[in-house]
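Protein chains in written order, with the numbering used here: chain A, 775 to 899; chain B, 775 to 899. Glycine included, every Cβ here is placed at the ideal spot set by N, Cα and C. Keep in mind it's a predicted model, so treat the numbers as computed, not measured. Since the structure comes first, as structure tokens, the remarks are kept for the end.
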DNA sequence: ATTATTGTCCTAAGCACTTAGGACAATAAT
DNA sequence: ATTATTGTCCTAAGTGCTTAGGACAATAAT
């Protein structure tokens, strides 16, 4: 898979959030096996420990279940997944909207710009 | 002023971006004097060096002009400000939209959720 | 002329993140 | 029974961020 990691933030939260999005999007179905730490680390080209840091966070949130030696699986808790999806979305929406309005964009301007994400934004004001 | 700084990222980029949003929003008008490094640092409760790091970045982008001993002023380049405003907005829109769609939200769902940022998002799916 | 202000540079220390690699217990595979 | 796999823990080193505070040149203020 394709990993989007930049150096603007620590790596492990970026991985954690990316995996969370993949899980709530159903890319890793409920109850299905999760790749091993070593495989994921190799794929993302990061250290074992870095990936484990991200995975242990996912476990703390209850999104993945760890079985000591048989690997990990995605949670079967459908409600948790839906709640998590909604929570992430809400947080993103609030901060996005806040920052856009801080720059002086109105709600309708934001929506208009989002609909045509290719048109020139710089004519604003 | 109110500073929104969290520990998810280094402090200086957060300050830089916040000041950029304030400038392009006209909160610091074109040509007007900019607070001193020490004052800004005290206000944001960060170290001098941290604030200077942010300000030197703003200068690299041309948004503020530094006059060795008489302080700084906001640029008079109206075009630069408009271009910067558009650039920031576009980047935010693209990444926001990308991450929301990664989670399985459609364009219309996103807009609907944004319009009523208080309603429950968790009923989605 | 003297003093204060401003931006800037500097060292030093503490801290979190990242990488590299070694090691171990518990289980799966053979 | 033996071997491989898996999650996990550990040390060690390097790097960047942050803070603290000292110092200096150029200019403004008096």
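is_contact[residue 787 of chain B, chain A] using C-beta, thresh 8 Å | Here the question's residue 787 of chain B lines up with position 13 in the second chain. Taking Cβ atoms only, chain A reaches closer than 8 Å to residue 787 of chain B, which makes this a yes.
Within 9 Å of chain A by C-beta, residues of the region 808-829 of chain B in sequence order | Answer in chain order: no residues at all.
Give the secondary structure of residue 803 of chain A by DSSP, where H, G and I count as helix, E and B as strand, and everything else as coil.
-> Reading the first chain from its first residue, position 29 is the one you call residue 803 of chain A. Coil.
Could you tell me the boundaries of the beta strand (DSSP E) in which residue 823 of chain A lies?
-> Along the first chain, one-based indexing puts residue 823 of chain A at 49. Run containing residue 823 of chain A: none in the beta strand (DSSP E); it sits in the alpha helix (DSSP H), 822-834.
Secondary structure at residue 849 of chain B, three-state DSSP: helix, strand or coil?
-> Sequence index remark: in the second chain, residue 849 of chain B carries index 75 (1-based). Of the three classes helix, strand and coil, the one that applies to residue 849 of chain B here is coil, per DSSP.
Straight-line CA distance for residue 865 of chain B to residue 852 of chain B?
-> By one-based count along the second chain, residue 865 of chain B stands at place 91. By one-based count along the second chain, residue 852 of chain B stands at place 78. For residue 865 of chain B and residue 852 of chain B, the distance between alpha carbons rounds to 20 Å.
Of all the CB atoms in chain A, is at least one closer than 8 Å to the CB of residue 783 of chain B?
-> Here the question's residue 783 of chain B lines up with position 9 in the second chain. At least one chain A Cβ lies under 8 Å of residue 783 of chain B.
Residue 849 of chain B versus residue 856 of chain B - alpha carbon distance | Mapped onto the second chain, residue 849 of chain B falls at position 75. Mapped onto the second chain, residue 856 of chain B falls at position 82. Spanning the two alpha carbons is a distance of roughly 12 Å.
Using three-state DSSP, classify residue 840 of chain A as helix, strand or coil.
-> Within the first chain, residue 840 of chain A is the residue found at index 66, counting from 1. Judged by DSSP in its simplified three-state form, residue 840 of chain A adopts strand.
Of the residues B:787, B:810, B:832, the one placed nearest residue 822 of chain B, counting alpha carbons only | In the second chain, the residue the question calls residue 822 of chain B occupies position 48. Comparing Cα positions, the closest option is B:810.
First through last residue of the alpha helix (DSSP H) which encompasses residue 886 of chain A = As a working note, residue 886 of chain A is residue 112 in the first chain. Residues 881-889.
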